[in-house]
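I have placed the structure first, in the form of structure tokens, so that the comments after it can refer back to it.
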Amino acid sequence: MVTAMIAIFVLGYLLIACEHPLHINKATVALIMCGVLWSVYALMAGDHTMQESLQMHLGETSEILFFLIGAMTIVEIIDRYGGFSFITEHIKAKNKKHLMWTLSILAFFMSAVLDNMTTTIIMVMMLRRLLSDKKERWLFASVIVIAANSGGAFSPIGDVTTIMLWMADKVTTASLIVNLLIPSFVALVIPVWIATFFIKEGTIQTVKTEAEKNPQIATEHPHLSKAMLVIGVLGLLFVPVFKTVTHLPPYMGIVISLGVIWLVTEICIHRLHIDPKLGGRVTSAIRGIDMATILFFLGILLAVSALTQAGILGRLAVDMNNNIHQPIIIASVIGVLSSVVDNVPLVAACIDMFGELGDLADPYYCTFVEDGLFWHLLTFCAGVGGSLLIIGSAAGVVAMGIEKIPFFWYVKRITLIAFSGYVAGIIIIWLEDICPYFM
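For any residue, its number in this note's numbering is found by taking its place in the sequence shown, counting from 1, and adding 46.
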């Protein structure tokens, strides 16, 4: 059964990677793959609790999907009312290289406050207003993915995996920021510096937003654009605050924010007599988001959950501990694997496998104590490692869906660039750990 499931996953992954040569949407393959994997598991495992397990994994996946739908809709509404024009007008980039540095650093710090997926949606939508050339946007969007994943790694609320490790008492807020801020920033700076050599010289040619093409919203109600930007951004910032205060999942916060902005748009349309046909309603914005990306998320996350339910990822963690027995190498390998499969089940398996090792007296296990080297490395590697492939992180999948970035284009142009920052960050974390011994 295990061999069959791994073979099916590898085949499906290869078909997803060959989306553009085969002219088959990746969502198609992901949905078929998840259905076949769960069917194989149901027929061969003899697990009587399979239905309950599937419902549990579907619930966890749905949380991400509802969050993604809500965030993409809010960003789409901001864009339709011309809200991003206020930001792009204040981005005073001298040239495209300066623009890349500006957007990357902005995405890095935004993802620490929001999360890497929401940050990527916002930044890529802004990017579509700033650059008209498709392939240039691919390069910029790829760098934004690296920036968002790097920025999410040093914040306890910046990524799902950092939240998991933080809630499991493996890392603390202060220690995480102190130990991972510099490595995460280096993991951004090196790839951005390399990527700037691939930027062609030329002026920045901005693209009109939907509202700018629509004189009734943009001209007759100029203050409405700024209001929608403020309400939308506050709605997105509300989500991490809501989670911290209520301990409810982030999708509940995004549902509230979406409901508020929906109410505001309806009031504005009626009070200001805006023609609903102009696309200012949330119902129209929902039709504008990329549902193929949503369905791809559904398929790929449920496919990985089938591997998790079959115990394949858990066995992988056990084998690494038994055969490698080096915390730095284990965390580094997990980071690379997180670019292939979802980092959430990998980190969950590591918490279960290595969670109690910090209580043992052997010096080897000192790295597994709270805020130990292993947990800091795992936090960094699981987050930043997802940048190695375009479908290795939620941020990458979102960027891929919005900009239609080809899988092999990313591998050819970006993977080694992202890997250089990944390795540099690991080295810095290791040096930070051994420096006290030389003082």
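Ideal placement from N, C-alpha and C gives every residue a C-beta, glycine not left out.
Give me the Cα-Cα distance between residue i and residue j, rounded to the nearest whole angstrom.
i, j, result
"Gly429", "Leu392", "11 Å"
"Phe342", "Ala73", "4 Å"
"Ala338", "Ile110", "15 Å"
"Leu336", "Leu283", "Just to set this straight, residue 336 is Asp in the shown sequence, not Leu. Taking the straight line joining both Cα atoms gives about 23 Å."
"Ile123", "Val444", "17 Å"
"Phe55", "Met274", "43 Å"
"Leu100", "Leu89", "14 Å"
"Gln446", "Ile151", "As written in the sequence, residue 446 is Met, which differs from the Gln given in the question. Their backbone Cα atoms lie some 20 Å apart in a straight line."
"Ile120", "Val235", "30 Å"
"Gln133", "Ala441", "Here residue 133 is Ile; the residue named in the question, Gln, does not match the sequence. The alpha-carbon atoms of Ile133 and Ala441 are separated by roughly 21 Å."
"Leu173", "Val457", "21 Å"
"Val387", "Gly432", "9 Å"
"Ile436", "Leu424", "20 Å"
"Leu280", "Glu312", "18 Å"
"Ile340", "Lys216", "31 Å"
Does residue i pass the burial test, meaning 16 or more other C-beta atoms within 10 Å, or should it be called exposed?
i, result
"Leu304", "buried"
"His319", "exposed"
"Met102", "exposed"
"Thr329", "exposed"
"Leu160", "buried"
"Glu449", "buried"
"Glu182", "buried"
"Asn67", "Reading off the sequence shown, one finds Pro at residue 67, where the question assumed Asn. Pro67 comes out exposed."
"Ala407", "Confidence is the limiting factor: at Ala407 the pLDDT is only 44, short of 50, which leaves the residue's position unreliable and the question unanswerable from this model."
"Gly105", "exposed"
"Val170", "buried"
"Pro261", "With a pLDDT of 46 at Pro261, under the threshold of 50, the modelled position of this residue cannot be trusted, and the question is left open."
"Lys142", "buried"
Do you know whose CA, among the options, lies nearest residue i's CA?
i, options, result
"Gly471", "Val232, Val306, Cys396 and Phe284", "Val232"
"His422", "Glu478, Arg175 and Tyr456", "Glu478"
"Ile480", "Asp125, Asn225, Val56 and Asn141", "Asn225"
"Arg361", "Tyr87, Cys396, Leu173 and Gly381", "Cys396"
"Ser201", "Pro229, Gln97, Ile115 and Arg327", "Pro229"
"Ile300", "Leu114, Asp125, Val86 and Leu60", "Leu114"
"Thr39", "Ser271, Thr219, Gly197 and Asn369", "One cannot answer for residue 39 here, as it falls past the ends of the chain, which runs 47 to 485."
"Lys272", "Asp215, Gly128, Met96 and Val206", "Gly128"
"Leu83", "Asn368, Ser351 and Leu61", "Ser351"
Who are the Cβ neighbours of residue i in its own chain at under 8 Å, not counting the five residues just before and after it?
i, result
"Glu500", "Outside the displayed range of the chain (47 to 485) lies residue 500, so it cannot be described from this structure."
"Met47", "Val86, Tyr87, Met90, Ala91 and Ala356"
"Met366", "Ile376, Val379 and Ile380"
"Gly116", "Tyr297, Ile300, Val301, Ser303 and Leu304"
Between which residues of its own chain and residue i is the CB-CB distance below 7 Å, once the five residues before and five after are set aside?
i, result
"Pro555", "Residue 555 is absent from the structure shown; the chain starts at 47 and stops at 485."
"Thr292", "none"
"Gly345", "Ala73, Ala76, Leu77, Met79 and Cys80"
"Phe484", "With a pLDDT of 39 at Phe484, under the threshold of 50, the modelled position of this residue cannot be trusted; read the value that follows with caution. Same-chain partners within the cutoff: there are none."
"Leu383", "Leu392"
"Ser385", "Gly431, Gly432, Leu434, Leu435 and Gly438"
For residue i, which residues in the same chain have their Cβ closer than 6 Å to its Cβ, ignoring the five residues on either side in sequence?
i, result
"Thr165", "Ala153, Met156, Ser157 and Ala194"
Between residue i and chain B, is the shortest Cβ-Cβ distance under 9 Å, so that the two count as touching?
i, result
"Met171", "Checking the listed chains, one finds no chain B in this structure; it contains a single protein chain."
message = Does the structure place the stretch 146 to 155 close enough to the stretch 229 to 244 that three or more beta carbon pairs sit under 8 Å?
response = yes
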